[in-house]
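To keep things clear, I will list the structure first and then write my remarks on it.
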Amino acid sequence: MEGPAGTLGNLELADQLFLRLASPGPTLQTSGDRGFVPLLARSWTRRDSVTLAFDLDPRARWQDGVPVTARDVVFTFERAKNPAIAPRLVGLLRNVSSVTAEGDRRVVFRFARSYAEQLYDATFHTAPLPAHLLDTMPPEAVAHSDFVAHPVGSGPYKLVRIVSGQFVELAANESFFLGKPKIERVIMRVAPDPDARINLVLSGQADAVDNVIPPLDNIQRIQSDTSLRVIPVSSPTIGFLLFNQKDPRHQDQPHPILSDIRVRRAITLGLDRQLLVHAVFGSYAQVPYGPVSSILWIRNGAPKPTRQNVEEAKRLLSAAGWQDTDGDGVRDREGRPLMLNLSLPTTSAVRRKLAALIQEQLRQIGVGLELQQMEFPLWIERRTAGKFDIDFAGTVQDPSPTGLTQAWSCSGGTNVAKYCNPRTDSLLDVAINTRPKGDPAQPWIAALRQIEADAPATFLYTPFYVYAVRRRFRNVSIMPASSWLMLREWSDSR
Amino acid sequence: MRGWLLGRALQAVAVLAIALTLLFFLMRAAPGDPLSRASEVRPLTPIELAALRARYGLDQPLGTQYVSFISGLVKGDLGVSIEYARPVTALLAERLPATLLLGGSVLILNFTVGLWLGVRQAVRRNQREDRWLTAVSLLGYATPSFWLGLVLAWLVGIKLRLLPAAGMEDPLLSIDAGFGVRAGDVLLHLILPALTLSIVSIAATMRYQRTAMLEVLNLPFMMTARAKGLPEREVIWRHGWRNALFPVITLFGLWLPILVTGSVFVEAVFAWPGLGSLAATAVWGRDYPVLMGASLLVAGLVVLGGFLTDVAYALLDPRVRLA
Chain B
43 MEGPAGTLGN
53 LELADQLFLR
63 LASPGPTLQT
73 SGDRGFVPLL
83 ARSWTRRDSV
93 TLAFDLDPRA
103 RWQDGVPVTA
113 RDVVFTFERA
123 KNPAIAPRLV
133 GLLRNVSSVT
143 AEGDRRVVFR
153 FARSYAEQLY
163 DATFHTAPLP
173 AHLLDTMPPE
183 AVAHSDFVAH
193 PVGSGPYKLV
203 RIVSGQFVEL
213 AANESFFLGK
223 PKIERVIMRV
233 APDPDARINL
243 VLSGQADAVD
253 NVIPPLDNIQ
263 RIQSDTSLRV
273 IPVSSPTIGF
283 LLFNQKDPRH
293 QDQPHPILSD
303 IRVRRAITLG
313 LDRQLLVHAV
323 FGSYAQVPYG
333 PVSSILWIRN
343 GAPKPTRQNV
353 EEAKRLLSAA
363 GWQDTDGDGV
373 RDREGRPLML
383 NLSLPTTSAV
393 RRKLAALIQE
403 QLRQIGVGLE
413 LQQMEFPLWI
423 ERRTAGKFDI
433 DFAGTVQDPS
443 PTGLTQAWSC
453 SGGTNVAKYC
463 NPRTDSLLDV
473 AINTRPKGDP
483 AQPWIAALRQ
493 IEADAPATFL
503 YTPFYVYAVR
513 RRFRNVSIMP
523 ASSWLMLREW
533 SDSR
Chain V
2 MRGWLLGRAL
12 QAVAVLAIAL
22 TLLFFLMRAA
32 PGDPLSRASE
42 VRPLTPIELA
52 ALRARYGLDQ
62 PLGTQYVSFI
72 SGLVKGDLGV
82 SIEYARPVTA
92 LLAERLPATL
102 LLGGSVLILN
112 FTVGLWLGVR
122 QAVRRNQRED
132 RWLTAVSLLG
142 YATPSFWLGL
152 VLAWLVGIKL
162 RLLPAAGMED
172 PLLSIDAGFG
182 VRAGDVLLHL
192 ILPALTLSIV
202 SIAATMRYQR
212 TAMLEVLNLP
222 FMMTARAKGL
232 PEREVIWRHG
242 WRNALFPVIT
252 LFGLWLPILV
262 TGSVFVEAVF
272 AWPGLGSLAA
282 TAVWGRDYPV
292 LMGASLLVAG
302 LVVLGGFLTD
312 VAYALLDPRV
322 RLA
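Residue numbers (our numbering), protein chains in the order written: chain B, 43 to 536; chain V, 2 to 324.
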């Protein structure tokens, strides 16, 4: 049963146990039918604009020796589309109208409409489960069943044991149809604290560590150990300052300061984003163009983000009527100072450090910023209720750009700042629903240009996740969408 | 004595029930949404949120949720964790042994080494040993345990590689390893976190015991014991120490729950899989079922601590029973 927090650790473990039909290739291209890597599905063919047929690899077996069949795929999607079992998946699979079997080896997906990411939707969100073990079990019984403790998957590794709060032990699946993994025993240790994770690898108790987070001292500590190799990987994370378009006190009215596009653009132009990012992440992050993290394929071909222009920022503020009439360093208009609250969660050290730097840079253009640090649940509650001037948001994106509609279209479910431009909606709609003959990124980039022009947010950073792996391991590759997905191809030279 | 014990036990149960009821409603009165963690990674749409709210009963009126909690509690069911999607009782049962091992070790070290050193200091009042131990105990008391933990992990675990820097057991140990090997391995992992917590708590106990013992040493019954020709060791430990135990027994009652909840930082630094880190994550994510389960344990320990303290007082001092 799907939990509310499909934590990354759980998903990455699932990727070792259960194989998907196919996975996006190294570029993480989600649009169209090409560029995907076959896994359980040996191949796929398009029958028409709303129908895809997958042929399963006849060598594919469950870890109990039973062949993987079309019935497993049909069963899995029936369960995945049940809102009582998987509410999150139901939303992600809303365009999959039916999944049917044609014999044991062929499965046919029909979609509600023609769009570019049908293959992605059919393969990315869930991996097939063994129907022969689960179809007699009531859905609500699965969470407490023996299958959860001893899952039978189709992936390269088998679960040996889970020691709660400590580690998960995996063993190579000797009959894995794509080749037995070269590393026979894998232990995934649990250490939520970043210092503890680094200590585990530096003390020799672990061979690899994921996501070494700032401060930069942490990365320097890793680099000081010459037996370790530092590997930066594109990440799905993006951080930005989100401007509320509505007055937080009277949400049927426009925001008294931020509804003016000149103020929003002035804030973006007043910030030296490259400097901010470098101060916190060193060379391990980039300034994005639009709400695009470094794993989204649409970043290719996007323009460079605008650089700081203090004079233009000051001019825009003056043009909007904001002048420093009393000489206190903060601009004002009709007796009201240009003061804004910046809400951020106390749990994010990165955002806390950046917020202090942003406050200082905005002071240079006469914008006063009051930092409101709050406990994470309270921050989320206020954010969702639209009770903020500027929200320091940090979100994680799926490889598909279609998720952008949730936050940046008028009716988007997570559009808490109430940004609304019908032209942006139209451009996003075109990008999602057309199957362009040329570069598929271009319709998306047109939408990004519009979002940048409207300045509903200042897009600050998309970091690289920094991994460290012992040098003795060969053929190491780390995938941005699922870090240890290619572990089966690593080898140990020792 | 039996009637007194029964009355005191009933009082403890009543206190526990009131505490749990207050905790239930106060937690829900605090700002924050229990599904906030679910929105942390990928923001959820209102439809997805509504479905999850219904699954965890969060869409029910507060009174209905309370009745559901109490009826579950009576049956030994604390509900399902919102964060982990697993039964709370199973989560607590998995984490409790690690917490009891760490907390118990610290408690034993605290009330053996701490008491012994406190008595030594009092007996050697104003001598060089007393002054040194006072300085050391003040230094220990002033040291933040999370900082001490980081330093010990770096120095002993990483630089010297004498002990494991994190974790509770070596996962590479064979599944077939014998009990002795496993126990030795856990003991090695236990040393650094237990030392980190003990240094601070021993320092506090030493100070309490020293002060209590100093008050007793000059009382007339001590002079009587010496006048009877009893050996000094017997005078100190049998006559003096027994009467200097009362403040320390109170301290024991206070330490009991703190050792379960107060090791959050140390558990984090040493990746120790105890209840403290589970409770901290639950507070952060407003995971009500886990919070109530952890609160039940802590409230139970507070009540138990008070109960044991009263019983110890009664055993040591007949006047308490008579009163």
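For each residue, glycine too, the CB sits at the ideal point set by N, CA and C.
Cβ pair residue i, residue j closer than 7 Å
i	j	result
Tyr162 of chain B	Asn475 of chain B	no
Ile299 of chain B	Trp532 of chain B	no
Gly424 of chain B	Phe430 of chain B	Position check: residue 424 of chain B holds Arg in this sequence, whereas Gly was assumed. Cβ distance < 7 Å, so Arg424 of chain B and Phe430 of chain B count as in contact.
Gly277 of chain V	Ser296 of chain V	no
Ile493 of chain B	Gly343 of chain B	no
Ala281 of chain V	Asn241 of chain B	no
Ala361 of chain B	Arg304 of chain B	yes
Phe153 of chain B	Gln160 of chain B	yes
Leu140 of chain V	Tyr209 of chain V	no
Pro441 of chain B	Leu70 of chain B	yes
Ala397 of chain B	Leu386 of chain B	yes
Val322 of chain B	Pro256 of chain B	yes
Ile422 of chain B	Ser82 of chain V	no
Ala245 of chain V	Met214 of chain V	yes
Val409 of chain B	Leu380 of chain B	yes
Leu258 of chain B	Gly207 of chain B	no
Pro198 of chain B	Pro223 of chain B	yes
Ala235 of chain B	Ala269 of chain V	In the sequence as presented, Ala is not what sits at residue 235 of chain B; that position holds Asp. A contact, by the Cβ cut-off of 7 Å.
Per-residue burial, residue i [other beta carbons within 10 Å of its own, 16 or more giving buried]
i	result
Ala47 of chain B	The pLDDT assigned to Ala47 of chain B is 42, lower than 50, so where the model puts this residue is not dependable, and the model offers no usable value.
Asp237 of chain B	buried
Asn517 of chain B	exposed
Gly45 of chain B	Bear in mind that a pLDDT of 43 at Gly45 of chain B, under 50, signals an unreliable position, so the number given afterwards is only what the model happens to contain. Per the 10 Å Cβ criterion, buried.
Asp249 of chain B	buried
Glu233 of chain V	exposed
Trp148 of chain V	exposed
Asp34 of chain V	buried
Val68 of chain V	exposed
Ile400 of chain B	buried
Met224 of chain V	exposed
His292 of chain B	exposed
Leu53 of chain B	exposed
Thr72 of chain B	buried
Glu376 of chain B	exposed
Ile19 of chain V	exposed
Ser524 of chain B	buried
Rounded distance between the beta-carbons of residue j and residue i, thought under 8 Å
i	j	result
Val304 of chain V	Val16 of chain V	5 Å
Phe151 of chain B	Ala169 of chain B	Their Cβ separation, rounded to whole angstroms, is 15 Å, which puts Phe151 of chain B and Ala169 of chain B out of contact at 8 Å.
Arg148 of chain B	Phe78 of chain B	No, Arg148 of chain B and Phe78 of chain B are not in contact; Cβ-Cβ is about 17 Å, not under 8 Å.
Val267 of chain V	Thr197 of chain V	5 Å
Ile237 of chain V	Tyr314 of chain V	Incorrect: roughly 22 Å between the Cβ atoms, too far for contact.
Ser245 of chain B	Ile159 of chain V	5 Å
Leu384 of chain B	Gln414 of chain B	7 Å
Ala195 of chain V	Tyr142 of chain V	At roughly 17 Å, the Cβ-Cβ gap does not stay under 8 Å, so Ala195 of chain V and Tyr142 of chain V are not in contact.
Phe119 of chain B	Val138 of chain B	7 Å
Asp114 of chain B	Pro193 of chain B	So it is not a contact: roughly 14 Å between Cβ atoms.
- [ ] Check whether the stretch 489-506 of chain B touches the stretch 322-339 of chain B, counting contact only when three or more Cβ pairs, one atom from each stretch, lie closer than 8 Å.
- [x] yes
Open item on the list: At a CB distance below 7 Å, what residues from the stretch 141-161 of chain V approach chain B? Give them in sequence order.
Closed with: Leu151, Ala154, Gly158, Ile159
- [ ] Could you list the residues in the stretch 203-215 of chain B with a C-beta less than 8 Å from some C-beta on chain V, going in chain order?
- [x] Arg203, Val205, Ser206, Gly207, Gln208, Phe209, Glu211
TODO: Decide yes or no for the touch test of the stretch 187-196 of chain V against the stretch 217-236 of chain B: beta carbon pairs closer than 8 Å, at least 3 of them.
DONE: no
Open item on the list: Would the stretch 489-499 of chain B count as touching the stretch 262-271 of chain B if we require 3 or more Cβ pairs under 8 Å?
Closed with: no
Task: Residues, ordered as in the chain, of the stretch 237-271 of chain V that lie near chain B by beta-carbon distance below 8 Å - done: Ala269, Val270, Phe271
- [ ] Scan the stretch 161-186 of chain B for residues whose Cβ lies nearer than 8 Å to a Cβ of chain V and list them as they occur along the chain.
- [x] Ala185, His186
- [ ] Determine which residues of the stretch 338-349 of chain B have a Cβ less than 7 Å from any Cβ of chain V, and write them out in chain order.
- [x] none
Open item on the list: With three or more C-beta pairs closer than 8 Å as the rule, is the stretch 457-475 of chain B touching the stretch 357-374 of chain B?
Closed with: no
TODO: Tell me, please, whether the stretch 119-134 of chain V touches the stretch 283-298 of chain V by the rule of three or more beta-carbon pairs shorter than 8 Å.
DONE: no
Open item on the list: If the cut-off is 9 Å on Cβ atoms, which residues from the stretch 176-206 of chain V count as contacting chain B, listed in chain order?
Closed with: Ile176
Task: Contact residues within the stretch 447-476 of chain B, judged by C-beta distance below 9 Å to chain V - done: Gln448, Ala449, Gly454, Gly455, Thr456, Val458
- [ ] Can you give me, in chain order, the residues of the stretch 418-429 of chain B that have a beta carbon less than 7 Å from any beta carbon in chain V?
- [x] Phe418, Pro419, Leu420, Ile422, Glu423
Task: Residues in the stretch 81-93 of chain B having any Cβ partner in chain V nearer than 7 Å - done: none
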